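Colleague:
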Amino acid sequence: MVKDVIFGLEISKLVLALGVMGYAAYSDLKTREIEPKLWLTGIIGAALTLIELYLVSGLSVALFKLLLLELVFSLIIFPFLYVSYKMAMLGGADMLAYLFLSLTVPWYPLFLGLRAITPVPILTLLHATILAILIALVRLISNLLNPEFRKFLKENKIGLLGTLHYGLSGKVMKAKEYLRTDFWYLIHEIENGIVKKELRKRVSIDEEPEDHRKAVKNSIEKGIIREDQYLMVTYATPFLVYMTLGFLATLVIGDYWVRALFE
1 MVKDVIFGLE ISKLVLALGV MGYAAYSDLK TREIEPKLWL TGIIGAALTL
51 IELYLVSGLS VALFKLLLLE LVFSLIIFPF LYVSYKMAML GGADMLAYLF
101 LSLTVPWYPL FLGLRAITPV PILTLLHATI LAILIALVRL ISNLLNPEFR
151 KFLKENKIGL LGTLHYGLSG KVMKAKEYLR TDFWYLIHEI ENGIVKKELR
201 KRVSIDEEPE DHRKAVKNSI EKGIIREDQY LMVTYATPFL VYMTLGFLAT
251 LVIGDYWVRA LFE
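Using the UniProt record's numbering, read the sequence shown as starting at 1 and increasing by one per residue.
As structure tokens, this is what we get:
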């Protein structure tokens with residue numbers, strides 16, 4: 001009877017986590033806006049988690065201690081993510097998504113077997129980071145094969161380190177094409193609403209693509225840049241999308257590869 005209740009709790013938590021993460025990732029990708037109240041569902045997840053912990057404690061003290069330890073380790077990481085958020089290195093939604101997972105699915109679902117002993121939120125973050133790196137490498141290869149990208153680098157006298165940096169994070173696009181985009185950001189310096197030739201190292205998550213498009217349009221009208229002139233831009237895929245995919249990867253493959261590294 002107790003095991004059936006635990007099974008039901010885990011199914012409920014998993015459905016909640018998949019639904020919330022999927023909806024959040026879709027909203028972030030399409031509108032770059034997520035209702036903060038969405039993360040209040042973590043309260044429901046936390047309640048289900050505490051009930052499950054209580055029931056498990058009556059079945060196995062050893063398992064209870066293991067699950068409690070995974071919950072604690074998941075939450076220990078959160079302060080570091082909060083600091084990253086305050087330093088504008090991480091989005092607020094990404095930080096709250098991690099907290100949501102820590103409260104809702106801190107350990108790998110028991111009914112799926114022992115595919116993972118690493119806390120699910122930590123493993124999700126790890127998988128998300130690996131996925132982001134792989135996509136960046138694909139982008140780099142694509143850029144290096146693009147003659148317009150290579151021409152832009154040569155004309156702007158960008159060296160090896162710059163080539164790697166902009167190749168991993170950006171791409172070149174004609175000014176007139178950029179005006180038709182939604183969530184692409186300029187890597188060029190912008191001064192008094194005018195696009196400069198100089199490039200920046202990074203784009204702040206607080207910047208608005210609309211302001212960048214206005215600067216490009218203004219620069220075209222003033223004859224500072226041409227419509228067919230190539231600019232360096234970046235899409236800046238929301239990390240929450242990677243986190244959702246990382247969560248799915250965690251459920252499918254667990255942490256076998258992590259454990260293999262330390263065996």
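Just so you know, even glycine gets a beta-carbon here, dropped at the ideal spot from N, CA and C.
Computed from a prediction, not measured in an experiment: that's the story for all the values here.
For K3, which of P109, K65 and F100 has the nearest alpha-carbon?
Modeller: The sequence position of residue 3 within the sequence shown is 3, counting from 1. Of P109, K65 and F100, the residue nearest in Cα terms is P109.
Colleague: Can you find the residues in the same chain that come closer than 8 Å, C-beta to C-beta, to K222, ignoring five residues on each side of it along the sequence?
Modeller: On the sequence shown, residue 222 is found 222 positions in, with the first residue counted as 1. Cβ neighbours of K222 beyond the five flanking positions: I194.
Colleague: If we count the other Cβ atoms within 10 Å of its Cβ and call it buried at 16 or more, is E198 buried or exposed?
Modeller: Taking the first residue of the sequence shown as position 1, residue 198 is located at position 198. When all chains shown are included, E198 counts as exposed.
Colleague: Whole angstroms are fine: how far does the CA of Y23 sit from the CA of I190?
Modeller: To locate residue 190, count along the sequence shown from 1; it is residue 190. To locate residue 23, count along the sequence shown from 1; it is residue 23. Whole-angstrom Cα-Cα distance: 34 Å.
Colleague: I need the boundaries of the alpha helix (DSSP H) containing Y98, first residue and last residue.
Modeller: Position 98 of the sequence shown, counted from the first residue, corresponds to residue 98. Y98 -> alpha helix (DSSP H) spans G92 to T104.
Colleague: Give the single residue among S219, L164 and A236 whose Cα lies nearest to the Cα of S204.
Modeller: Taking the sequence shown and counting its residues from 1, one reaches residue 204 at position 204. Ranking S219, L164 and A236 by Cα distance to S204 puts A236 first.
Colleague: Going by Cα to Cα distance, which pick from A46, L114, M95 and K214 is closest to K176?
Modeller: What you label residue 176 is simply residue 176 of the sequence shown in a count that begins at 1. Comparing Cα positions, the closest option is K214.
Colleague: Inspect the beta-carbon positions of I130 and Y98 and report whether they are closer than 9 Å.
Modeller: Start at 1 with the first residue of the sequence shown, and residue 130 comes out as number 130. Start at 1 with the first residue of the sequence shown, and residue 98 comes out as number 98. I130 is not a Cβ neighbour of Y98, given a cutoff of 9 Å.
Colleague: Give the secondary structure of residue 266 by DSSP, where H, G and I count as helix, E and B as strand, and everything else as coil.
Modeller: The chain is shown only over 1 to 263; residue 266 falls outside these bounds and no answer can be derived.
Colleague: When the distance is taken between beta carbons, is T104 closer than 9 Å to T49?
Modeller: Start at 1 with the first residue of the sequence shown, and residue 49 comes out as number 49. Start at 1 with the first residue of the sequence shown, and residue 104 comes out as number 104. Closer than 9 Å, so yes.
Colleague: Check each candidate in V258, L245 and I220 and name the one with the smallest Cα separation from A17.
Modeller: In the sequence shown, counting from the first residue as 1, residue 17 sits at position 17. The shortest Cα separation from A17 among V258, L245 and I220 belongs to L245.
Colleague: Which residue wins for smallest C-alpha separation from G170, given the options L179, N192, L140 and L160?
Modeller: For this step, residue 170 is matched to residue 170 along the sequence shown. Selected option, being the one with the closest Cα: L140.
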